[in-house]
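Chemist:
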Amino acid sequence: MQTEVQTMKEIVQQKWNKRPLIISGPCSAETEEQVIETATQLAGTGKVDMLRAGIWKPRTKPGMFEGNGIVGLPWLLQAKKITGLPTTVEVATAKHVEEALKFDVDMLWIGARTTVNPFSVQEVADALKGIDIPVLIKNPINPDLELWSGGIERLQKVGVKQIGMIHRGFSSYGNTEYRNAPMWHLPIEMKRRFPGMPLICDPSHICGNRSMLQSVSQKSIDLDFDGLMLESHIDPDKAWSDAKQQVTPERLLELLNNLVWRQESSTVEEFITALTTLREQINQLDDELMTLLGQRMKLSDKIGEYKRDNGITILQTNRWNEILERAFQKGDKLGLSKEFITKYFDAVHLESIQHQNKIMNS
Ligand code: PEP
Ligand code: MN
């Protein structure tokens, strides 16, 4: 028994260090057959490193399937025995941690609805004190990097040694093309804050549909993520939760085979030289852009002085619309998207208003 446990620990260790790390399994553990059949087919792909399944499901609305709870844990253990795949489940309370450990779950993750609540994260962290198990923490539902970082720090403080992050996108009001907008700059910022910490992408919860899984997975790989967590179900349309975004193990294999894995860096000298040159050009252009922006603000200051001396308001809506319209037209010819132009000019406008405000009120 002892050696068996150690062997599994070694396997988990290996998986933890493997790149890319591929985690897959159903959104929820529904029945013993569903868990075991899915696990068997996933193991059969030869590409899946760990088996996931939701045991306790925090659902947004009551009446949705909230998980089988503890009765699902033996199914996972059985699936592991049959396939050799280490298992991972979501935990939200100290009791979940305790029960998952009783059934030899190999890795835990904290869900997005838990990361938002420091009380819950602390409760889970306290339950993990002195326990040697890898823990992944999903981003909170809302785009708040302090909450995400805070969750990580709570785990670090109780001594969890292997901590990873899962990017599952951020919720926003209204319909967008994504179920949860990826806002890629946010996970990238987390990579900067926690260098060396594994960062996994969860395209399933970002997309909320099957059609975009491939492109979102590829995008995360191109951004140097360390792995993927993708939901897979033997009969996705009949899944008890997240039916629209799950794929069969067969489709999962296709998706994984279609991915292009690029290296972050290369030793090929030519490539490095070309890259350095291009980066220098970018630095140069960025410098020029900053200088131009500085000059633009100086003109704003002058206008501010004029407005102050003549008692005119800062914001003149017509003028602003005119600037945007001009920019859209020019941007279109230069291959700049309307979305970018809007964001860029909003930022410039805000800075300009602040400049004028200072002048008019000083
Ligand atoms: C899940 O992984 O099934 C899940 C509930 O995800 P999230 O916490 O990202 O919503
Ligand atoms: Mn799910």
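The numbering of the sequence shown is the working numbering, which starts it at 7 and goes up by one. Note that beta-carbon positions come from the ideal geometry of N, C-alpha and C, so glycine has one too. Quick caveat, the model's predicted, so the values are computed rather than measured.
What residues in its chain sit with their C-beta under 6 Å from that of Ser226, if we drop five residues either side in the sequence?
Modeler: Cys207
Chemist: State the beta-bridge partners of Gly31 as determined by DSSP.
Modeler: Glu237
Chemist: Should the segment 298-310 be called in touch with the segment 355-365, which here means at least 3 C-beta pairs below 8 Å?
Modeler: yes
Chemist: How is the alpha helix (DSSP H) around Met366 delimited, first residue to last?
Modeler: 344-366
Chemist: As a quick check of your reading: which residues have a C-beta less than 5 Å from at least one non-hydrogen atom of the ligand MN, in chain order?
Modeler: Cys33, Asp248
Chemist: List the residues that DSSP assigns as beta-bridge partners of Glu374.
Modeler: No information on residue 374 is available, as it lies outside the stretch 7 to 368 that the chain covers here.
Chemist: DSSP state of Lys86, grouped into three classes?
Modeler: helix
Chemist: Alpha carbon to alpha carbon, how far is Ile194 from Leu134?
Modeler: 27 Å
Chemist: Kindly indicate the opening and closing residues of the beta strand (DSSP E) around Leu205.
Modeler: 205-207
Chemist: Per DSSP, which one or two residues make a beta bridge with Lys144?
Modeler: Ile172
Chemist: According to the neighbour-count rule (16 or more other Cβ atoms, all chains shown, within 10 Å of its Cβ), is Asp293 buried or exposed?
Modeler: exposed
Chemist: Kindly indicate which three-state DSSP category Val253 falls into: helix, strand or coil?
Modeler: strand
Chemist: Using CA atoms only, rank isn't needed, just tell me which of Asp248, Ile137, Arg65, Gly69 is closest to Gln162.
Modeler: Ile137
Chemist: Tell me the DSSP bridge mates of Arg58?
Modeler: Thr94
Chemist: DSSP state of Arg245, grouped into three classes?
Modeler: Residue identity check: residue 245 is Ala in the sequence provided, not Arg. Three-state DSSP puts Ala245 in coil, outside helix and strand.
Chemist: Give the range of the alpha helix (DSSP H) segment to which Asn74 is assigned.
Modeler: Note, Asn74: premise wrong, no alpha helix (DSSP H); not H, not E.
Chemist: If you drop the 5 nearest sequence neighbours on each side, which residues of the same chain put their C-beta closer than 7 Å to that of Arg119?
Modeler: Pro64, Ile147
Chemist: From the DSSP output, read off the bridge partner residues of Ala49.
Modeler: For Ala49, which the question treats as bridged, DSSP gives no partner whatsoever.
Chemist: Buried or exposed: Leu340, going by 16 or more other Cβ atoms within 10 Å of its Cβ?
Modeler: Residue burial annotation: Leu340 is exposed, with fewer than 16 other C-beta atoms found within 10 angstroms of its C-beta.
Chemist: Near Ile29, what residues of its chain come up, given a Cβ to Cβ distance below 6 Å and the 5 sequence neighbours on each side ignored?
Modeler: Excluding sequence neighbours, Ile29 sits near Met56, Arg58, Met235.
Chemist: Kindly confirm or deny that the segment 73-93 and the segment 273-280 touch, where touching means at least three C-beta pairs closer than 8 Å.
Modeler: no
Chemist: Does the segment 88-103 touch the segment 260-270, meaning 3 or more C-beta pairs lie closer than 8 Å?
Modeler: no
Chemist: CA-CA distance, Pro149 and Gln84?
Modeler: 37 Å
Chemist: Looking at the secondary structure, which residues open and close the alpha helix (DSSP H) in which Trp267 lies?
Modeler: Neither: Trp267 is in no alpha helix (DSSP H) and is coded neither H nor E.
Chemist: Is it buried or exposed, Leu79, if we count other Cβ atoms within 10 angstroms and call 16 or more buried?
Modeler: Leu79 is buried by the Cβ-count criterion.
Chemist: Please go through the same chain and pick out, in chain order, the residues whose beta-carbon is closer than 8 Å to the beta-carbon of Leu259, but skip the five residues on each side of it.
Modeler: Thr51, Lys53
Chemist: Do Leu142 and Met113 have their CB atoms nearer than 8 Å?
Modeler: yes
Chemist: Using the C-alpha atoms, what's the distance from Gly202 back to His191?
Modeler: 17 Å
Chemist: Between His211 and Lys344, what straight-line distance do the alpha-carbon atoms span, to the nearest angstrom?
Modeler: Taking the Cα positions, His211 is about 27 Å away from Lys344.
Chemist: Compute the Euclidean distance between the alpha carbons of Asp228 and Val222, then round it to the nearest angstrom.
Modeler: 10 Å
Chemist: Let me know if Phe277 comes out buried or exposed under the rule of 16 or more other beta-carbons within 10 Å of its beta-carbon.
Modeler: exposed
Chemist: Roughly how many angstroms lie between the CA atoms of Asp248 and Thr254, to the nearest whole one?
Modeler: 13 Å
Chemist: Return the residue from the list Leu298, His355, Gly300, Arg302 that minimises the CA-CA distance to Ile320.
Modeler: His355
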